[in-house]
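Below: one structure, written as structure tokens.
In my numbering, the protein residues as written are 10 to 341.
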């Protein structure tokens with residue numbers, strides 16, 4: 010399905026985005042507004058999670074925003090009724106926070122997901138859901154690139170709860186016929202990501218320090234990673250929502266290549282024109298949950314739906330740096 014067909018598909022559709030003031034959710038909202046969809050955003054604006062009204066400053070008059078928590082079943086009931094689509098993107102994303110506050114992670118990434126699905130089953134079983142999961146469910150890879158057949162062996166509480174959340178979605182597809190699909194995201198970056206700290210992505214805080222003329226830290230440096238620019242992730246989310254073949258399926262996303270963290274740091278400094286970093290050993294608490302090398306095999310979604318990353322790491326970093334040079338004060 011080409012971009013014009015996707016746009017026509019979503020025109021006038023009623024769409025709920027959980028976590029819609031956050032990084033990926035706000036980028037989804039921008040694209041769907043462009044397509045003429047009727048958007049409702051729900052976000053709890055929990056300070057540590059990256060939601061911000063500035064993220065939707067260009068479309069604030071074209072979306073409905075509800076300040077609410079996905080853990081509030083009554084609130085979600087009122088929002089889900091009558092919706093055609095749910096982009097279920099709200100979540101606790103920090104791996105370290107999940108270890109420090111495991112019950113909060115359980116409530117948001119697991120229990121709230123079951124509650125949302127129960128609301129859908131009771132009050133809107135025709136809704137279509139796309140759930141954002143994470144590569145963290147795989148844990149330390151046995152082989153690379155990692156495909157969907159790889160053993161699930163999370164190394165932290167966040168990975169365990171996201172794994173449960175995604176399988177609740179698949180279960181409700183298979184048992185109750187609620188059309189759901191799951192995307193396992195790798196390192197996503199781009200405009201509107203959290204850069205105040207490393208809760209959402211280490212690349213965010215690297216960019217903050219770089220633009221503030223401060224040295225950033227590279228832990229280890231030899232680990233291999235892949236990266237997806239946010240526009241490619243948005244395309245995948247929307248594409249999955251349009252395809253019957255995606256229902257009940259789990260798909261990896263992945264970048265077009267792999268790069269070591271030290272190579273990434275060098276590239277970032279080169280594109281910025283200046284900067285410096287320090288290579289350090291992993292802090293003890295993070296080393297325990299580090300997964301080592303990781304990059305994804307996205308052959309399944311490419312073969313089934315035709316998705317592949319189109320924006321190179323270099324181009325994506327240039328766009329991201331340009332964005333934060335302009336709006337840095339809005340994000341720190």
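Don't be surprised by glycine CBs; every beta carbon is placed ideally from N, CA and C.
Close-in-space but distant-in-sequence residues of the same chain around residue 112 (CB under 7 Å, 5 per side omitted): Nothing listed; no residue qualifies.
Closest Cα partner of residue 223 within the set 278, 180, 171, 243: When only C-alpha atoms are compared, the closest one is 278.
Could you work out which residue in 257, 155, 121, 105 is closest to residue 83 when comparing CA atoms only? Scanning 257, 155, 121, 105 for the CA closest to the CA of residue 83 turns up 121.
Would you tell me roughly how many angstroms separate the C-alpha atoms of residue 149 and residue 275, rounded to the nearest one? Cα to Cα, the separation comes out at about 25 Å.
Local conformation of residue 47 per DSSP, three classes: Reduced to three states, the DSSP call for residue 47 is strand.
Between which residues of its own chain and residue 68 is the CB-CB distance below 7 Å, once the five residues before and five after are set aside? So the qualifying residues of the chain are 38, 39, 42.
Express the C-alpha separation of residue 145 and residue 168 in angstroms, rounding to a whole number. Taking the straight line from one Cα to the other gives about 5 Å.
Using the Cβ count rule (16 or more neighbours within 10 Å means buried), how would you classify residue 338? By the neighbour-count criterion, in which a residue is buried when 16 or more other Cβ atoms sit within 10 angstroms of its Cβ, residue 338 is exposed.
Limits of the beta strand (DSSP E) - the one that residue 113 falls within: For residue 113, no beta strand (DSSP E) segment is defined; the enclosing uninterrupted segment is the alpha helix (DSSP H) at 111 to 115.
Is residue 339 helix, strand or coil by DSSP? The answer is helix: DSSP assigns residue 339 an H, G or I state.
Nearest neighbour of residue 31, chosen from 87, 59, 254, 85 [CA to CA]: Closest in C-alpha terms to residue 31, from the list 87, 59, 254, 85, comes 59.
For residue 161 versus residue 252, is the C-beta spacing smaller than 7 Å? Between residue 161 and residue 252, the C-beta gap is not smaller than 7 Å, which leaves the two residues out of contact.
Whole angstroms are fine: how far does the CA of residue 78 sit from the CA of residue 137? When rounded, the distance between both Cα atoms is 20 Å.
Run through the region 110 to 185 for me and flag every whole alpha helix (DSSP H) of 4 or more residues, listed as ranges in chain order. Qualifying alpha helix (DSSP H) stretches, in chain order: 111 to 115, 121 to 132, 166 to 185.
Do you know offhand how far residue 71's Cα is from residue 259's? Looking at the two C-alpha atoms, the distance is approximately 32 Å.
For residue 11, does the count of other Cβ atoms within 10 angstroms reach 16, so buried, or fall short, so exposed? Burial call: exposed.
Three-way DSSP call (helix, strand, coil) for residue 241 in this model: Note: residue 241 maps to helix in three-state DSSP.
Which residue marks the beginning of the alpha helix (DSSP H) containing residue 89, and which one marks its end? In this chain, the alpha helix (DSSP H) harbouring residue 89 covers 82 to 89.
In chain order, what residues of the same chain have a beta carbon less than 6 Å from the beta carbon of residue 267, not counting five sequence neighbours either side? Cβ neighbours of residue 267 beyond the five flanking positions: 233, 235, 304.
If distances are taken between C-alpha atoms only, which option among 325, 140, 264, 166 comes closest to residue 180? Comparing Cα-Cα distances from residue 180 to each of 325, 140, 264, 166, the minimum goes to 140.
Are residue 188 and residue 143 closer than 7 Å when you measure CB to CB? If you check the CB distance, residue 188 and residue 143 do not come in under 7 Å.
Which class does residue 32 belong to by DSSP, given the choice of helix, strand or coil? Note: residue 32 maps to helix in three-state DSSP.
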